[in-house]
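Number of protein chains: 2
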Amino acid sequence: MTAAIRYEHIKTCQQSGARLGRIHTPRGTIDTPVFMPVGTLATVKMMSPEELKEMDAQIILSNTYHLWLRPGEDLVEEAGGLHSFMNWDRPILTDSGGFQVFSLSDLRDIDEEGVRFRNHISGERLFLSPEKAVHIQQSLGADIIMAFDECPPYPASHAYMSDSVARTSRWAERCLEAQEQGTPSQQALFGIVQGGEYEDLRRQSIDDLISLDFPGYAIGGLSVGEPKSVMNTVLEQTTPLLPSGKPRYLMGVGSADSLIDGAIRGVDMFDCVLPTRIGRNGTCMTSEGRKVIRNAEFARDFRPIDEDCSCYVCRNYSRAYIRHLIKAKETFGFRLTSYHNLHFLIDLMRKVRLAIKQDRLLDFREEFFEQYGFNRPDAKNF
Amino acid sequence: MTAAIRYEHIKTCQQSGARLGRIHTPRGTIDTPVFMPVGTLATVKMMSPEELKEMDAQIILSNTYHLWLRPGEDLVEEAGGLHSFMNWDRPILTDSGGFQVFSLSDLRDIDEEGVRFRNHISGERLFLSPEKAVHIQQSLGADIIMAFDECPPYPASHAYMSDSVARTSRWAERCLEAQEQGTPSQQALFGIVQGGEYEDLRRQSIDDLISLDFPGYAIGGLSVGEPKSVMNTVLEQTTPLLPSGKPRYLMGVGSADSLIDGAIRGVDMFDCVLPTRIGRNGTCMTSEGRKVIRNAEFARDFRPIDEDCSCYVCRNYSRAYIRHLIKAKETFGFRLTSYHNLHFLIDLMRKVRLAIKQDRLLDFREEFFEQYGFNRPDAKNF
């Protein structure tokens, strides 16, 4: 069975080396580099599918682990799959549950077969394996699914990481076999490169996965607490080794600087809960950096969140109104901040694609970083 | 100064006596009888203005008391008024704060001048009077504003109610004077009929208010705990005494049966938080009665909330999906139930208007009550 997705390379930015491309899927074409909003429980928090389309979300992500626990993949399958269940007809990517098993569960026991752990809601004992993760994802019916991997903590010793990478490679092979034995489908299964900050292990991981010939490759084990410089170094050591004809997906990354820096290092796809999570705390991303809209300084500020933004929120609502809603704990306020932040990152990627086209992504990076405040001596690790 | 609103009577239902009409306002025409969604804090909870328009909300209500406390009427005025602040260009009605002063505040002290009470959020001591209530409403800039009244508890003695009605009438006159002394505007100030369940006092209240010649009249002091039969009796004693050329507004009523029964008794306008409040508890209004969508029976029910409904929610989402969202405490679930319930009541009033046009509102009532379950022996006081 051949996967139904295909990566089309359009051009490489002569200034930065970033890739402009398209991923063709059975549910439409995705312009890359792309940011994917996260819909953990079959909903991008606060947003309707129509709003996501209005802000030009091309693909969204959903979570195997969470949907397995509730409502259960069998129920989603009975509903006609995730697209039908949640009223989203564009592409969906589901992660494998690997990251959640390791980040949400205190009690876990890893062996060659898989992982035993406790349900983070009910405490019930559960078991997840490569076969089980693929089976669940087949029931959910996303367009792109992920291999089940171990996401080791940061930092981890070279010895631990070496064993972990070898197991993740064996698990990747089992995922492919499970997919082939399952109901034939048009799902594309991506392998996940691990290896932490160890160049030799990243190389090993890539060699293992390439030999299995996945239709796409994710880079996992980053954005887990390491400094940004480590992330960039790992990307520089990793992406040149990946096949140029397949998409590359950097998992769990959504800060503006990392999206740009990732694109410069040849990444095509990103996802993160950051824009909706900080939106629900009353924080907005703007062209001038983050603004904590709930702060008193915005009480009588009748300008839009971002004067350079043309999104639905910035066209219709003021900082003062949104602050009022947030102070009064009115949900609509969090809808507006979530909408704006998602639009901000989706629009940022549009600008990144344009800059690649114009061979000026490094210039764009410099301008954006300067205006956003990343170049200030007191710049936080946004 | 003449108020800019005008009631146009189209026809009376020959079967029921209900009125079909239109209220012409500077911000558009309202078909009556009408249900007005409540946007307490300058937002109809969970809903965007676009969604309210999509479900054909013709006018919304907002709350003087709440907006006075936060963000403050001066801030709203500085924003260009409530319409501009909340991005709603159709008519708005603001209540006077009378009801909230009496329902939210434990500590209150009424005298001829006004009411001293404590802010229900901060505990701060505050004072509200007829003049202050009108002044706040002028700053907010709604199209229809309400006189400041006392809303006595149910039950109240005849002696208490008699004094209260007399004071509410004196306050009504002071509201008119305050309006005339304020900045000239196109706001229509409605008087509020009180008198509890005492026919003589309702009559007295109406006589007092009619002598002041308001552009519209509200019926207050109902839906405060009395049986439905009392409400219907009071309406039968009240509406025939009100001028036929002015709109009549029954305050705080939003259950399906009371909307129909109110229209039959000559009411033109209704408002209530009921549809959004029960929506946030996972309960939906349907043509077959209320459904508690969070219940286990709907876990694998892939039908829409209401198979007879054509709203956005029922066209796109299943009971199973909405139940999943609600169980997972996902806001989008409450958006969907709130949307459906508001649409249900707005659409009910459309059907009521059609039935009036066809001189068959009593037949419609019987059919609706039968299907909704109001005629069942175990029917709750929905």
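Chains as they are written, first to last, in full-length UniProt numbering: chain F, 1 to 382; chain X, 1 to 382.
Built from N, CA and C at the ideal position, the CB exists for glycine as well.
Since this is a predicted model, take the numbers as computed values, not measurements.
Residues near residue i by beta carbon distance below 8 angstroms, same chain, minus five either side
i, result
"G254 (chain X)", "F35, F270, D271, C272, V273, L274, P275 and L345"
"E124 (chain F)", "R118"
"V352 (chain F)", "A18, P33, L259, I260, A263, L361 and F364"
"N87 (chain X)", "P49"
Check whether residue i and residue j have beta carbons under 8 angstroms apart
i, j, result
"T239 (chain X)", "G216 (chain X)", "no"
"I30 (chain F)", "R19 (chain F)", "no"
"D301 (chain X)", "S318 (chain X)", "yes"
"I136 (chain X)", "E78 (chain X)", "no"
"S129 (chain F)", "E113 (chain F)", "yes"
"S96 (chain X)", "T64 (chain X)", "yes"
"F298 (chain X)", "A320 (chain X)", "yes"
"G282 (chain F)", "R294 (chain F)", "yes"
"A142 (chain X)", "I192 (chain X)", "no"
"L41 (chain X)", "A328 (chain F)", "yes"
"A166 (chain F)", "L212 (chain F)", "no"
"A188 (chain F)", "I5 (chain F)", "yes"
"Y372 (chain X)", "A256 (chain X)", "yes"
Delimiting residues of the beta strand (DSSP E) encompassing residue i
i, result
"S62 (chain F)", "I60 to N63"
"I160 (chain X)", "Rather than Ile, the amino acid found at residue 160 (chain X) in this sequence is Tyr. First-last for Y160 (chain X): H158 to Q181, but that is the alpha helix (DSSP H), not the beta strand (DSSP E)."
"P37 (chain F)", "V34 to P37"
"L189 (chain F)", "A188 to V193"
"G21 (chain F)", "R19 to T25"
"L242 (chain X)", "Looking at the DSSP string, L242 (chain X) is not in any beta strand (DSSP E), and its letter there is neither H nor E."
"E226 (chain X)", "Looking at the DSSP string, E226 (chain X) is not in any beta strand (DSSP E), and its letter there is neither H nor E."
"D95 (chain X)", "I92 to D95"
"I10 (chain X)", "R6 to T12"
Closer than 8 angstroms to chain F by CB, residue i
i, result
"F364 (chain X)", "no"
"P71 (chain X)", "yes"
"F382 (chain X)", "Annotation note: pLDDT 47 at F382 (chain X) (below 50); position unreliable, coordinate value reported separately. Chain F, which has no Cβ nearer than 8 angstroms to the Cβ of F382 (chain X), makes this no."
"K327 (chain X)", "yes"
"E54 (chain X)", "no"
"Y321 (chain X)", "yes"
"E78 (chain X)", "yes"
Cβ shell of residue i (< 7 angstroms), same chain only, five flanking positions each side left out
i, result
"T183 (chain X)", "Q138"
"Q14 (chain F)", "D359"
"M1 (chain X)", "Reliability of the predicted coordinates at M1 (chain X) is poor, the pLDDT of 45 falling under 50, and the value obtained from them is presented with this limitation in mind. Excluding positions up to five away in sequence, the list reads E180 and P184."
"V234 (chain X)", "E197, R202 and L222"
"residue 386 (chain F)", "In the structure displayed, chain F extends from 1 to 382; residue 386 (chain F) sits before or after that span and is not available."
"M161 (chain F)", "P152, G195, G196, Y198 and L201"
"A178 (chain X)", "P130, E131, V134 and H135"
"E8 (chain F)", "G21, R22 and H24"
"T43 (chain F)", "M86"
"R90 (chain X)", "R27, G28, Q58 and I59"
"L52 (chain F)", "P37, V44 and I60"
"residue 383 (chain X)", "The question about residue 383 (chain X) has no answer, for chain X in this structure spans 1 to 382."
Host alpha helix (DSSP H) of residue i (start-end)
i, result
"L325 (chain X)", "R319 to K327"
"A256 (chain X)", "A256 to I264"
"I278 (chain F)", "L274 to G279"
"L82 (chain F)", "L82 to M86"
"K53 (chain X)", "P49 to E54"
"E77 (chain X)", "E73 to E78"
Below-8 angstroms beta-carbon distance, residue i vs any chain X residue
i, result
"H340 (chain F)", "no"
"S48 (chain F)", "yes"
"S318 (chain F)", "yes"
"H324 (chain F)", "yes"
"T43 (chain F)", "yes"
"R19 (chain F)", "no"
"Y65 (chain F)", "no"
"L75 (chain F)", "yes"
"N119 (chain F)", "no"
"R300 (chain F)", "yes"
"F374 (chain F)", "no"
"M36 (chain F)", "no"
Other residues of its chain near residue i: CB distance less than 6 angstroms, five sequence neighbours each side excluded
i, result
"Y285 (chain X)", "Here residue 285 (chain X) turns out to be Met, not Tyr, going by the sequence shown. So the qualifying residues of the chain are N341 and F344."
"D308 (chain X)", "S287"
"I356 (chain F)", "C13, A18 and L20"
"M231 (chain F)", "L222"
"T337 (chain X)", "G279 and C284"
Check: residue i C-beta below 7 angstroms from any heavy atom of the ligand HEM
i, result
"F369 (chain F)", "Of the ligands one can find in the structure shown there are none, so the ligand HEM has no counterpart to examine."
Handout entry: Runs of beta strand (DSSP E) wholly within the region 101-155 of chain F (minimum 3 residues, chain order)
Key = You should have 108-110, 115-118, 125-128 and 144-146.
Exercise for the section: Tell me the start and end of each unbroken beta strand (DSSP E) in the region 283-359 of chain F that is at least 3 residues and wholly inside, in chain order. Expected result: Qualifying beta strand (DSSP E) stretches, in chain order: 283-286 and 289-292.
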